[in-house]
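A short worksheet on the structure shown next.
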DNA sequence: TTTTTCTTTCAAAAAGTATTGAAAGTTTTA
DNA sequence: TAAAACTTTCAATACTTTTTGAAAGAAAAA
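As structure tokens, then:
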């Protein structure tokens, strides 16, 4: 497998992986392309390399910036914008965890609070209450663990401790 | 919010959550319904409660069984099949982790092995090699961590240790 | 064996999601 | 100010995924 084939395979694999996890395939492909590009790319570059339209490129590059995975670079004497990706994959993983926690876990807390208020003496009510209480405790645990993981990334000690644990 | 409203809200929330994570919405809704049902339900029950077709019900119940989240129950003197869900949400989470690891991480290893073979002296080649090597190490770390987590579930000591850590 | 009851399959239709490309918007340059 | 160079928007279109329902299959009952 030569470089060109490798690049294509990586872009396609990352795209498939993304769509398995509820992330737009093109968004993941642009991310992959930027991850393996040594220099920041313009919208035009991305359009050409992935053979996608201008609109599609623009939308997905912005989404990637929203996720905190891609940044703009302003080149002196250049009018157009260039984009580059965070390339430290541990940081990428932490950023994704952080964002999904914010976007999905946080709204869930509100819903769980509402659902925990339901009271009903029937068998169905009992099962409902018990499932909700149990789920709530698992969600709370997951949240604490993810928080610990993300914070570890910002603390030298925990960072090393975790890396040791995962050896 | 009364029981009926709570049940509907839970089913809808679980469905949305599932589809955010690349899981068929209906599959997640059937799972939610079974999670809050004290008794095992027949295909007919599921069809009625979620207002979906027989084919859809059958396909998604089977998918849930494939995931190891739902089981068949044979009732004495009853011809049709009944279905119930594992209700311990910690076990549910572990089962999902286990399955996704098997379905997605394992095939990834093969691809990474191929991609690691690419050698190219150009700047693009250098960035490609470095991104792939870094990604490979993060994936390997994640895999070890998930393995630890799943195994912990089966070990009394690690189970208690982890629960303590996540306090 | 035939009928009944239930499960499974799958092609067609519907619903949902992503993509295009042209037009409008914005910023810089002349 | 006007033109040029680029970015953003969005309605129409294309594509993907899900759902339906009728038919076929299977197992139990008559």
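Residue numbers (the numbering used here), protein chains in the order written: chain B, 4 to 170; chain D, 4 to 170.
Beta carbons: idealized from backbone N, C-alpha and C, even for Gly.
Under 7 angstroms between the Cβ atoms of residue i and residue j?
i: residue 45 of chain D; j: residue 74 of chain D; result: no
i: residue 98 of chain D; j: residue 71 of chain D; result: yes
i: residue 93 of chain D; j: residue 141 of chain B; result: yes
i: residue 59 of chain D; j: residue 25 of chain B; result: no
i: residue 128 of chain B; j: residue 53 of chain D; result: no
i: residue 88 of chain B; j: residue 38 of chain B; result: yes
i: residue 124 of chain D; j: residue 41 of chain B; result: no
i: residue 121 of chain D; j: residue 4 of chain B; result: yes
Mind listing the chain B neighbours of residue i? Cutoff is C-beta to C-beta under 8 angstroms, in chain order.
i: residue 99 of chain D; result: Here the premise fails: no neighbours, minimum Cβ distance about 11 angstroms.
i: residue 66 of chain D; result: Going along chain B, no residue has its Cβ under 8 angstroms from residue 66 of chain D, so there is no contact; the nearest lies around 15 angstroms.
i: residue 107 of chain D; result: 20, 23
i: residue 127 of chain D; result: 6, 10, 39, 40, 41
At a CB-CB cut-off below 7 angstroms, which residues of chain D make contact with residue i?
i: residue 134 of chain B; result: 38, 39, 90
i: residue 71 of chain B; result: Those do not exist, as residue 71 of chain B stays about 17 angstroms from chain D at its closest Cβ, beyond 7 angstroms.
i: residue 48 of chain B; result: None at all; the shortest Cβ gap to chain D is about 12 angstroms.
Mark residue i as exposed unless 16 or more other C-beta atoms lie within 10 angstroms of its C-beta, in which case mark it buried.
i: residue 118 of chain D; result: buried
i: residue 10 of chain D; result: buried
i: residue 134 of chain D; result: buried
i: residue 36 of chain B; result: buried
i: residue 61 of chain B; result: exposed
i: residue 63 of chain B; result: buried
i: residue 138 of chain B; result: buried
i: residue 77 of chain B; result: exposed
i: residue 132 of chain D; result: buried
Note down, in chain order, every chain D residue with its Cβ under 8 angstroms from the Cβ of residue i.
i: residue 96 of chain B; result: 141, 145
i: residue 113 of chain B; result: Simply none; closest approach about 10 angstroms.
i: residue 154 of chain B; result: The contacting residues do not exist; residue 154 of chain B stays about 13 angstroms from chain D at best.
i: residue 80 of chain B; result: Simply none; closest approach about 21 angstroms.
Could you list which residues in chain B have their beta carbon closer than 7 angstroms to that of residue i, in chain order?
i: residue 138 of chain D; result: 92
i: residue 16 of chain D; result: 114
i: residue 130 of chain D; result: 39, 40, 41
i: residue 150 of chain D; result: Those do not exist, as residue 150 of chain D stays about 10 angstroms from chain B at its closest Cβ, beyond 7 angstroms.
In chain B, which residues lie with their C-beta within 9 angstroms of the C-beta of residue i?
i: residue 117 of chain D; result: 4, 9, 12
i: residue 120 of chain D; result: 4, 9
Next on the checklist: Quick check: the stretch 32 to 39 of chain B against the stretch 8 to 22 of chain B, are at least 3 beta-carbon pairs closer than 8 angstroms?
Outcome noted: For the pair of segments examined, the stretch 8 to 22 of chain B was found to touch the stretch 32 to 39 of chain B: the number of CB pairs separated by less than 8 angstroms reaches three.
Checklist entry - Which ranges would you report for the alpha helix (DSSP H) in the stretch 86 to 112 of chain B if only whole runs of at least 4 residues count? => result Fully enclosed alpha helix (DSSP H) runs of 4 or longer: 92 to 103.
Checklist entry - Which full runs of the beta strand (DSSP E) of 3+ residues lie inside the stretch 58 to 84 of chain B, going along the chain? => result Taking only runs of at least 3 residues, the beta strand (DSSP E) segments lying wholly in the stretch 58 to 84 of chain B are 73 to 76.
Next on the checklist: Quick test of the definition: if touching needs 3 or more C-beta pairs under 8 angstroms, does the stretch 100 to 113 of chain B touch the stretch 128 to 147 of chain B?
Outcome noted: Contact between the stretch 100 to 113 of chain B and the stretch 128 to 147 of chain B is present, because at least three Cβ pairs lie under 8 angstroms.
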